[in-house]
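Input: a single structure, listed below in structure tokens.
In UniProt numbering, the protein residues as written are 1 to 456.
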């Protein structure tokens, strides 16, 4: 394939332009952006009237209802715990979830059939708020679930109540804890206890986008039951922004709205196809859920919303470099003809699955006509591939160690030190030359001093 005549300075400028564009118009934070107040219905006199009704009538009534329902639940729950009656415990959970959703004025429409299978299975759904668990568990039977460890009221309710039906907590920052919980999930699913509900996105998304599904839920050797949850966002914003609002504040916000309209689609169970890896299975289920309720399907890892682990950042960096070397430097065809046949098949498969996931007619072009979105999408696809294929990542790093022995790219692999603040051979050569010149000057100075001494 014919390569373009490249100019490194122009490419460097294009990278700066891409970075500036990302700061000005970020594609990632769109997935977690709450609804603006102006986008919700209600203004003028009607809005003032609605404030009076919602805060002075509906909110007190719903709080009283919630407190009364909580009292009844705790009586039923404690009795069931004392008798060690799993059926009664499950019924008390179902009752309490109904209390929660009615205190929000929820109007839930269910489509499809919710069934508890007699084989190992797990329910997976898109994630917007803690509401998701309550909405799904208030219909027919309650679920066990998996959540990150939190403090406050949410942490108290989860640790003291939900763990009694097999629900699990984990610390995302602790790799050993995550591995341990995965083993506990497999054990729970194998015993076919309370149906496990997992939100594979791993974080709350604003119900407009669907971010990357983590593969853990699809690596359990169990049947996967997809569930699609769509909220009507004309009177409230169901999205829980955990970085700004606590569980209690979000709870009061939901109770002070007019109503909560939700559509729940119970989709047919799915099984992993022969030869299908968990990551591809997760992508397939994600597309099914997104298509059903009209979510924009993107490949961003939701964990980047918080402080991502160093390994993920390194993988993303490798993906950007690899896409630039493999695609952006080519003249026409987006697939590198020098790739092995199996890699070309994989690239074509990814392109067929994600044909310009996000498009914008105002997008600028970089690297002699390379679309920004295409570069970003392919970088994220490469990130997914490297993340789910550690052996390929290891091969790439070994290859990089050989390639990066050149003066151009050596700075990417060598540590920074006081002697080497810019870890690059060119710096070392310059420094060596400077040291050599300094030595010559010192030598000339010594000679001059000796001559002066002799003269006197």
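A virtual CB, placed ideally from N, CA and C, is assigned to each residue, including glycine.
query = Alpha carbon to alpha carbon, what distance is there between residue 318 and residue 380?
reply = Just so you know, the alpha carbons of residue 380 and residue 318 end up roughly 11 angstroms apart.
query = Tell me which same chain residues have a C-beta within less than 7 angstroms of the C-beta of residue 114, skipping the five on either side of it?
reply = Result list for residue 114: 139, 140 and 266, in chain order.
request  = With DSSP as the reference, label residue 263 as helix, strand or coil.
outcome  = The three-state secondary structure of residue 263, taken from DSSP, is strand.
query = Is there contact between the region 265–284 and the region 238–245, where contact requires at least three CB pairs shorter than 8 angstroms?
reply = Segments in contact, no.
query = Taking only beta-carbon atoms, is residue 252 less than 8 angstroms away from chain C?
reply = Considering every chain present, this structure includes no chain C. It has just one protein chain.
key: Three CB pairs or more closer than 8 angstroms across the region 159–170 and the region 267–286   = No, because fewer than three Cβ pairs between the region 159–170 and the region 267–286 fall closer than 8 angstroms, the two stretches do not touch.
inquiry  = Tell me the rounded alpha-carbon separation between residue 290 and residue 364.
reply    = Spanning the alpha carbons of residue 290 and residue 364 requires a straight line of approximately 28 angstroms.
inquiry  = Let's test the definition: count the other Cβ atoms within 10 Å of the Cβ of residue 9 and tell me whether it reaches 16, buried, or not, exposed.
reply    = So residue 9 ends up on the exposed side.
Residue from 120, 153 and 102 with nearest C-alpha to residue 135 = When each option's Cα is compared against that of residue 135, the closest is 102.
message = I'd like to know whether the C-beta atoms of residue 386 and residue 315 end up nearer to each other than 8 angstroms.
response = Yes. Within cutoff.
query = According to DSSP, which residues form a beta bridge with residue 135?
reply = None, per the DSSP bridge assignment.
task = Give the straight-line distance between the Cα atoms of residue 196 and residue 326, rounded to the nearest whole angstrom.
result = Cα to Cα, the separation comes out at about 42 angstroms.
key: Simplified DSSP assignment, three categories, for residue 39   = Three-state DSSP puts residue 39 in a helix.
key: Distance CB(residue 224)-CB(residue 301) smaller than 8 angstroms   = Not a contact, by the Cβ cut-off of 8 angstroms.
key: Beta-carbon gap between residue 93 and residue 145 smaller than 8 angstroms   = Here residue 93 is not near residue 145, since their CB atoms are 8 angstroms or more apart.
request  = Using a threshold of 8 angstroms, state whether the C-beta atoms of residue 194 and residue 142 are closer than that.
outcome  = Between residue 194 and residue 142, the gap from beta carbon to beta carbon is short of 8 angstroms.
query = Are the beta-carbon atoms belonging to residue 189 and residue 222 less than 8 angstroms from one another?
reply = Contact flag set, yes.
inquiry  = Under DSSP, the alpha helix (DSSP H) around residue 284 begins and ends at which residues?
reply    = Segment 278–293, the alpha helix (DSSP H) holding residue 284.
query = Looking at residue 241 and the ligand ZN, is the gap between the Cβ and the nearest heavy atom below 7 angstroms?
reply = Ligands displayed in this structure: none; no statement on the ligand ZN is therefore possible.
request  = Please determine, among 21, 297 and 280, the residue with the shortest C-alpha to C-alpha distance to residue 126.
outcome  = Ranking the options by Cα distance to residue 126, first place goes to 297.
request  = Give the DSSP-derived three-state secondary structure of residue 353 in the structure shown.
outcome  = Low confidence applies here, because residue 353 scores a pLDDT of 48, under 50, leaving its location unreliable; read the following figure in that light. For residue 353, the three-state secondary structure derived from DSSP is helix.
Residue 124 vs residue 217 beta-carbon contact at 8 angstroms = Yes, the Cβ-Cβ distance between residue 124 and residue 217 is below 8 angstroms.
task = Can you say whether residue 17 is buried or exposed, counting buried as having 16 or more other CB atoms within 10 angstroms of its CB?
result = It counts as exposed.
query = Is it true that the CB of residue 107 sits closer than 8 angstroms to the CB of residue 230?
reply = No, the Cβ-Cβ distance between residue 230 and residue 107 is not below 8 angstroms.
message = Relative to the C-alpha of residue 100, which candidate in 70, 382 and 84 has its C-alpha closest?
response = From the listed residues 70, 382 and 84, the smallest Cα separation to residue 100 is found for 70.
ask   = Nearest to residue 304 by CA position, among 374, 208 and 203, is which residue?
value = For residue 304, the closest of 374, 208 and 203 by C-alpha to C-alpha distance is 203.
Cutoff 8 angstroms; reference residue 21; Cβ partners in own chain excluding five residues on either side = Result list for residue 21: 364 and 372, in chain order.
request  = Pick helix, strand or coil for residue 16, following the three-state DSSP scheme.
outcome  = Looking at residue 16 - three-state DSSP - the assignment turns out to be helix.
With 16 other Cβ atoms within 10 Å as the buried cut-off, status of residue 19 = Exposed, since its Cβ has fewer than 16 Cβ neighbours within 10 Å.
message = With the cut-off set at 8 angstroms, would you say residue 122 and residue 220 are in Cβ contact?
response = Cβ distance < 8 angstroms, so residue 122 and residue 220 count as in contact.
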